[in-house]
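Asks: In the numbering used here, the protein residues as written are 11 to 192.
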Amino acid sequence: MRPRIAEPVQSQRAPAAGRPLVIERPDLQTRAQRYGYLSVTFVCWFLWLYLFVPLLSFVAWALGATVIYQAMLQNLDTAALWRLIQSYGTGIVSLAAIYVLWAFSSYLRFRHADRRGRPPDATDQQLAASHRISAEELQTLRSSRRLVVSADQLQRMFSDDPPAEPPGPAADLPEPRRAAGG
Numbered sequence: 011m012r013p014r015i016a017e018p019v020q021s022q023r024a025p026a027a028g029r030p031l032v033i034e035r036p037d038l039q040t041r042a043q044r045y046g047y048l049s050v051t052f053v054c055w056f057l058w059l060y061l062f063v064p065l066l067s068f069v070a071w072a073l074g075a076t077v078i079y080q081a082m083l084q085n086l087d088t089a090a091l092w093r094l095i096q097s098y099g100t101g102i103v104s105l106a107a108i109y110v111l112w113a114f115s116s117y118l119r120f121r122h123a124d125r126r127g128r129p130p131d132a133t134d135q136q137l138a139a140s141h142r143i144s145a146e147e148l149q150t151l152r153s154s155r156r157l158v159v160s161a162d163q164l165q166r167m168f169s170d171d172p173p174a175e176p177p178g179p180a181a182d183l184p185e186p187r188r189a190a191g192g
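#1: Quick check on the DSSP output: the alpha helix (DSSP H) that includes L148 runs from which residue to which?
#2: Can you look up V63 in the DSSP assignment and give me helix, strand or coil?
#3: Once DSSP output is grouped into helix, strand and coil, what is the label at R121?
#4: Specify the secondary structure class of D162 as computed by DSSP and reduced to three states.
#5: Can L148 and D170 be called in contact, C-beta distance under 8 angstroms?
#6: For A138, report the span of its alpha helix (DSSP H) as first-last.
#7: Can you tell me whether A42 is buried or exposed, with buried defined as 16 or more other CB within 10 angstroms of its CB?
#8: Consult DSSP for P13 and reduce its assignment to one of helix, strand or coil.
#9: For T88, does the count of other Cβ atoms within 10 angstroms reach 16, so buried, or fall short, so exposed?
#10: Can you check whether the CB of R166 is closer than 8 angstroms to the CB of R142?
#11: Is DSSP giving R93 helix, strand or coil here?
#12: Going by beta-carbon coordinates alone, are L151 and L157 separated by less than 8 angstroms?
#13: Tell me whether P129 sits in a helix, a strand or coil according to DSSP, three-state version.
#14: Around the Cβ of A123, are there at least 16 other Cβ atoms within 10 angstroms (buried) or fewer (exposed)?
Pasting the structure below:
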């Protein structure tokens with residue numbers, strides 16, 4: 011008796027033709043699905059971060075972070091605590107001001123510069139020179155449907171070394187092979 015080979019499990023519902031999956035189009039999700047996903051994500055992130063609380067407490071203790079402990083449990087003078095908060099606040103505000111000024115000056119400097127424009131198209135001469143081939147070879151490469159190029163030719167076209175001799179005529183390339191039936 012031959013063992014039966016299990017057939018692959020098929021989905022009960024075939025996806026509708028031309029209809030994208032919800033995972034590819036999140037805007038197709040219902041509001042309940044979105045909020046459910048966000049709440050589960052938030053809970054998981056909270057639990058993951060909660061696992062690091064003992065580690066953070068140990069690092070704070072090892073670095074001598076006792077300001078809050080002294081203020082709350084050892085009756086640190088509130089005036090001293092206020093001066094400490096002001097000095098830290100001054101540093102934070104000054105760094106934030108520096109970053110905002112830097113961002114604003116960069117905005118003023120580059121607001122009219124379009125650096126994301128399309129670069130100009132390469133000419134045939136530039137393309138041939140960058141691959142160390144002649145214009146005839148480039149035309150042969152473009153006109154053939156299928157072409158077998160030897161390793162030596164690939165090395166000449168893509169090496170970082172300058173070419174030893176100027177590129178030869180198109181006769182260096184093999185004859186293009188035509189696809190079957192074409």
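Where is the CB? At the ideal position from N, CA and C, for every residue including glycine. Here the structure is a predicted model, which means the values were calculated and not measured.
Replies: Looking at the atomic coordinates:
#1: 145-153
#2: Residue state, collapsed to three classes: helix.
#3: coil
#4: helix
#5: no
#6: 134-140
#7: exposed
#8: Caution applies to P13, whose pLDDT of 48 falls short of 50 and renders its modelled position unreliable; the value that the coordinates give is listed next. Secondary structure of P13 (DSSP, three-state): coil.
#9: exposed
#10: yes
#11: helix
#12: yes
#13: Assigned with DSSP and collapsed to three states, P129 falls in coil, not helix or strand.
#14: exposed
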